[in-house]
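**Student:** Chains Z and U, in that order, are what the protein sequence lines are.
1 is the number of the first residue of the first sequence in the UniProt record's numbering; add one for each residue after it.
1 is the number of the first residue of the second sequence in the UniProt record's numbering; add one for each residue after it.
No residue lacks a Cβ here, since even glycine has one placed at the ideal position from N, Cα and C.
Take this structure first; my questions come after.
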Amino acid sequence: MQSTSPAFKDNARDALADQQLQKALQNVKSGFIGKRAKARDRLPEFDDLRDASRDIKNHTLANIDFYLERYEEKVTESGGQVHWAATAEEARAMILKICRDVDARVVTKGKSMISEEIALNAHLEEAGLDVVETDLGEYIIQLRKEAPSHIIAPAVHLTKDQVEADFRHHHKDLPDERPLSEPTQLVAEARQMLRQRYLEADVGITGANFLVAETGTSIIVTNEGNGDLTQTLPKVHIVIASLEKIVPNLEDATTILRVLARSATGQEFSSYTTFSTGPRRAEDPDGPEQYHVVLLDNGRSEMLGSEFQDMLRCIRCGACMNHCPVYHAVGGHAYGWVYPGPMGAVLTPSLIGVDEAGQLPNASTFCGRCEAVCPMRIPLPKMMRHWREREFERHLSPKAVRAGLGFWAFFARRPELYHRIAGWKMRALAAFGRSKGRFDALPFTGGWTKHRDFPAPQGKTFQQLWAEKQTGGGRR
Amino acid sequence: MAETRPRIGLFVTCLVDLMRPSVGFAAVKLLEQAGCEVAVPRAQTCCGQPAYNSGDRADTKAIAEQVIAAFDGFDYVVAPSGSCASMIKKHYPGLFTDDPPLRAKAEDLAERTFELVSFLTDVLNVEAVESSFSGAVTYHDSCSGLRELGVETQPRKLLNTLTGVEIREMEESNVCCGFGGTFCVKYPDISNKMVTNKAAFVAASGADTLLAGDLGCLMNMAGKLQRQGVAVQVRHVAEVLADMTHEPAIGQPAIGEAADEESIAS
């Protein structure tokens, strides 16, 4: 997927002016925050589970080579095959080859952010395959030829009126009088359209929330059951997952599952938690004939051992963006690539480069709400700051910013000079602003005064007044 | 009694120093009332956050070293800001991972450093203050103080001891106001959206005064409320707790010089 991250500011401005989007974004706040808080409050050991989950992933990342090899052995033992993809390009080629080897025409897909990351749909479609997204949100945005705007709620940028209009436009057999104003009616309509496609599919592709080293199992969580139909009905099941999805054993997976849905949607557990291990065995009533896992690196092994390693603990629950005031303001598309919100602000520069995605870790007030809700206790603001440091070291930050900072730091590092100059400046500014108490415009403060007044200083600086007080002078 | 008085180094913060010294004097008054001896080292300017959050490690470290040296020897270092206190308390030690002696000094300073209001309640065990201030107030929880230092109940607890004060909680009091230091000028449109939301919640609370513990956030919110023509007074919580509200509220004209509201509310 081609990024528009360098145009983040323009994207943000457009998003802020988009009334429909702003209306839809209200649902992020109202739909997720309170539900997560309730789920957390209902589980006294929630914070202990967060610690345990963090520790599991830290242990796994410290020994990731061991666990990945063990995982591959177990997948092979159960009759499946693991394909190691260093890059997005390799992963796309591997998946296309598997599809071609079985002369596939129709491919169904469960929700997978990795598939977005490697831009899989476009690649398969160019090769002539018919690709069908089966997750409701993904299905909607596929109709609209859009990218997801949220990692667990891909169509959260849309109102239900927009979805109704899309269905009426694309579903030719849909009678005008059929009501479609309620979410349940929209779900029923999508289900009906998708049912036939499941049966036609030659290959089913799903992502993975976990890969279990002990058993060679992949786990997905869904709320619609579409993942199960995607992976059991076609003759080939391909799992596409990135390296860091690995956990040592089933107990580890279930520990993290206890914080995943609670953090994401506020559910105790997702409606479906599906474990799949290898292809159909002789005694199984159903299941695929072939089971493939495409394991994607795409920059992640570079993060190991770096100051960004903690990001590899991420389980893609979306809690960080659900609680992010910047995400609430501009939505996911403004971020310009696959992963939005705070997790995207850290991960995107790792995957596509800070030259391309440097805006994202800058567009944060460091309010810390993301870290406060992250089930894996990822220090997101700290890592955004690390990206700013990398930018600064490489002289990627804007020249004016560097110059201003240098000017300020020169004085901040020389207290006596600073106090003298500050004293003059503040008195002058105070004299100008005294009658109104504030300014509606000032030189060099356009970013501030475009939207808000700037208060006038009181007059003398604290240091001046304090010095006067110490020497017996008056307070004013 | 006098020999056991804790010696406090006041970290004034750059914004209080430049913009609103009355907050600094309110902090001094509160600390002295609680039995402290307060000094103000002159070798302080800023905690270094503008450099730190812009990725400029070298200047951050130089400023941090300056602060560490300036506040050597005090029993406690207190700042009328959660953000600056947190910078010293939570972030300074990490700047010196490759320099063990300085790291030790940074950790020592971190242990002694506190945000003003939580220092009063949690360290000095101040149970109540006296102030003639009266009115309906709403309190904004600034991010660093709230999430890095756990400042949430402490200011409300002290405000509740004032007979003339009624707290009217606003919705989303713990959501960022959009200031974020340089963020508000680097991303003015997003910041504007955030502070617009905040201003609406402040107005809806019905309070006549907005309080918080960080001057940056207060200037941002005051600037928005005034641009919108909302008649809410904005003050640092220390001014109210110290009964030092004789100075005009943030962005208000000096006494006797009434502002022309119409021309400001554009």
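Based on Cα-Cα distance, which residue from Val234(U), Gly213(U) and Gly229(U) lies nearest to Met221(U)?
**Tutor:** Checking every option, the nearest Cα to that of Met221(U) belongs to Val234(U).
**Student:** Grab the span of the alpha helix (DSSP H) containing Gly447(Z) for me, first residue to last.
**Tutor:** Where Gly447(Z) is concerned, the enclosing alpha helix (DSSP H) stretches over Gly446 to Thr449.
**Student:** Rounded to a whole number of angstroms, what is the C-alpha to C-alpha distance between Ser54(U) and Ala238(U)?
**Tutor:** Spanning the two alpha carbons is a distance of roughly 29 Å.
**Student:** Compile a chain-ordered list of the residues in the segment 342-369 of chain Z whose CB is closer than 8 Å to at least one CB of chain U.
**Tutor:** Per Cβ criterion, the list reads Asn362, Ala363, Ser364, Thr365, Phe366, Cys367, Gly368 and Arg369.
**Student:** Are the beta-carbon atoms belonging to Leu312(Z) and Glu244(Z) less than 8 Å from one another?
**Tutor:** Against a cut-off of 8 Å, the Cβ pair of Glu244(Z) and Leu312(Z) comes out as a contact.
**Student:** Counting only the same chain and skipping the five closest in sequence on each side, list residues whose C-beta sits under 7 Å from that of Glu133(Z).
**Tutor:** Within the same chain, Glu133(Z) has close Cβ partners Lys109, Tyr139 and Gln142.
**Student:** Run through the UniProt domain "Cysteine-rich" (9-89) of chain U for me and flag every whole alpha helix (DSSP H) of 4 or more residues, listed as ranges in chain order.
**Tutor:** Qualifying alpha helix (DSSP H) stretches, in chain order: 14-18, 21-33, 49-52, 57-70 and 82-86.
**Student:** For a minimum of 4 consecutive residues, which ranges assigned as the alpha helix (DSSP H) are wholly contained in the segment 323-376 of chain Z?
**Tutor:** Correct list: 325-330, 341-352, 354-357, 359-362 and 369-373.
**Student:** Determine the closest residue to Arg369(Z) out of Pro361(Z), Ala345(Z) and Cys320(Z), with distance taken between C-alpha atoms.
**Tutor:** Among Pro361(Z), Ala345(Z) and Cys320(Z), the Cα nearest to that of Arg369(Z) is on Cys320(Z).
**Student:** How is Lys109(Z) classed by DSSP in three states: helix, strand or coil?
**Tutor:** Strand, per DSSP.
**Student:** Could you name each continuous beta strand (DSSP E) segment of 3 residues or more that falls completely within the segment 41-96 of chain Z, going from the start of the chain to the end?
**Tutor:** Those beta strand (DSSP E) runs which fall completely within the segment 41-96 of chain Z and span 3+ residues are 81-85.
**Student:** Determine, using beta carbons only, whether Pro457(Z) comes closer than 8 Å to chain U.
**Tutor:** Closer than 8 Å to some Cβ of chain U, the Cβ of Pro457(Z) qualifies, so yes.
**Student:** Give me the Cα-Cα distance between Leu18(U) and Met426(Z), rounded to the nearest whole angstrom.
**Tutor:** One C-alpha to the other measures close to 6 Å.
**Student:** Measure from the C-beta of Gly251(U) to each C-beta in chain Z and report whether the shortest distance is under 8 Å.
**Tutor:** Interface residue, yes.
**Student:** I'd like to know if Phe11(U) contacts chain Z, where contact means its C-beta is closer than 8 Å to some C-beta of that chain.
**Tutor:** It does not; no Cβ of chain Z falls within 8 Å.
**Student:** Where does the unbroken beta strand (DSSP E) through Glu166(U) begin, and where does it stop?
**Tutor:** Its beta strand (DSSP E) spans residues Val165 to Ile167.
**Student:** I think Ala212(U) touches Val230(U), with their Cβ atoms under 8 Å apart; what is that distance to the nearest whole Å?
**Tutor:** Actually they do not touch by this definition, with Cβ atoms about 16 Å apart.
**Student:** Check whether the Cβ atoms of Leu351(Z) and Gly299(Z) lie closer than 8 Å to each other.
**Tutor:** Yes, they are a contact pair.
**Student:** Using beta carbons (cut-off 8 Å, strictly below), is Gln33(U) in contact with chain Z?
**Tutor:** With 8 Å as the cut-off, Gln33(U) does not count as an interface residue toward chain Z.
**Student:** Does the beta-carbon distance from His157(Z) to Gly331(Z) come in below 8 Å?
**Tutor:** Closer than 8 Å, so yes.
**Student:** Who are the neighbours of Tyr335(Z) on chain U, taking C-beta pairs under 8 Å?
**Tutor:** Chain U residues near Tyr335(Z): none, gap ~12 Å exceeds 8 Å.
**Student:** Could you check how far apart the C-beta atoms of Gly266(Z) and Lys38(Z) are, in whole angstroms? I think they sit under 8 Å.
**Tutor:** Yes, they are in contact, since the Cβ atoms of Gly266(Z) and Lys38(Z) sit about 6 Å apart, within 8 Å.
**Student:** Hey, how far is the Cα of Lys224(U) from the Cα of Val12(U)?
**Tutor:** In a straight line, the C-alpha of Lys224(U) is about 25 Å away from that of Val12(U).
**Student:** I'd like the list of long-range same chain contacts for Ala199(U), defined as Cβ closer than 7 Å, with 5 residues on each side in sequence excluded.
**Tutor:** Counting only Cβ-Cβ distances below 7 Å, and skipping sequence neighbours, we find Met221, Lys224, Leu225, Gln228 and Val230.
**Student:** Please name the residues in the segment 221-236 of chain U whose beta-carbon is closer than 7 Å to at least one beta-carbon of chain Z, in chain order.
**Tutor:** Hits within the stretch, in order: Ala222, Gly223, Lys224, Gln226 and Arg227.
**Student:** Report the residue from Ala400(Z), Phe210(Z), Tyr291(Z) and Leu25(Z) whose alpha carbon sits nearest the alpha carbon of Val102(Z).
**Tutor:** Measuring from the Cα of Val102(Z), the nearest candidate turns out to be Tyr291(Z).
**Student:** Just by C-beta distance, which residues in the segment 167-189 of chain U are closer than 9 Å to chain Z?
**Tutor:** For the segment 167-189 of chain U, which is checked against every Cβ of chain Z, the residues closer than 9 Å are Glu172, Asn174, Val175, Cys176, Cys177, Gly178, Phe179, Gly180, Gly181, Thr182, Phe183, Cys184, Val185, Lys186, Tyr187, Pro188 and Asp189.
**Student:** Among Glu247(U), Val67(U) and Phe74(U), which one has its Cα closest to the Cα of Met87(U)?
**Tutor:** Of the listed residues, the one whose Cα sits closest to Met87(U) is Val67(U).
**Student:** Check whether chain U comes within 8 Å of Asp161(Z), counting only Cβ atoms and requiring the distance to be less than that.
**Tutor:** Judged by the 8 Å Cβ criterion, Asp161(Z) is not in contact with chain U.
**Student:** So, is the C-beta of Thr121(U) closer than 8 Å to a C-beta in chain Z?
**Tutor:** Chain Z contact via Cβ: absent.
**Student:** Against Phe392(Z), what residues of chain U qualify as contacts under a CB-to-CB distance less than 8 Å, listed in chain order?
**Tutor:** The answer, in chain order, is Ser54, Gly55, Asp56 and Arg57.
**Student:** Starting from the N-terminal side, write out each stretch of the alpha helix (DSSP H) that is 4 residues or longer and does not extend beyond the segment 181-252 of chain U.
**Tutor:** 183-186, 188-205, 215-227 and 237-241, all fully within the segment 181-252 of chain U.
**Student:** Assuming Tyr71(Z) and Ala213(Z) are in contact, meaning their beta carbons sit under 8 Å apart, how far apart are those beta carbons, in whole angstroms?
**Tutor:** About 4 Å; that satisfies the 8 Å criterion.
**Student:** Under 8 Å between the Cβ atoms of Leu215(U) and Val28(U)?
**Tutor:** Not closer than 8 Å, so no.
**Student:** Is the segment 152-165 of chain U touching the segment 97-111 of chain U in the sense that three or more CB pairs, one from each, lie closer than 8 Å?
**Tutor:** Flag = no, the segment 97-111 of chain U and the segment 152-165 of chain U do not touch.
**Student:** Contact criterion: CB-CB distance below 8 Å. Does Gly447(Z) meet it with respect to chain U?
**Tutor:** Yes - at least one Cβ of chain U is within 8 Å of the one on Gly447(Z).
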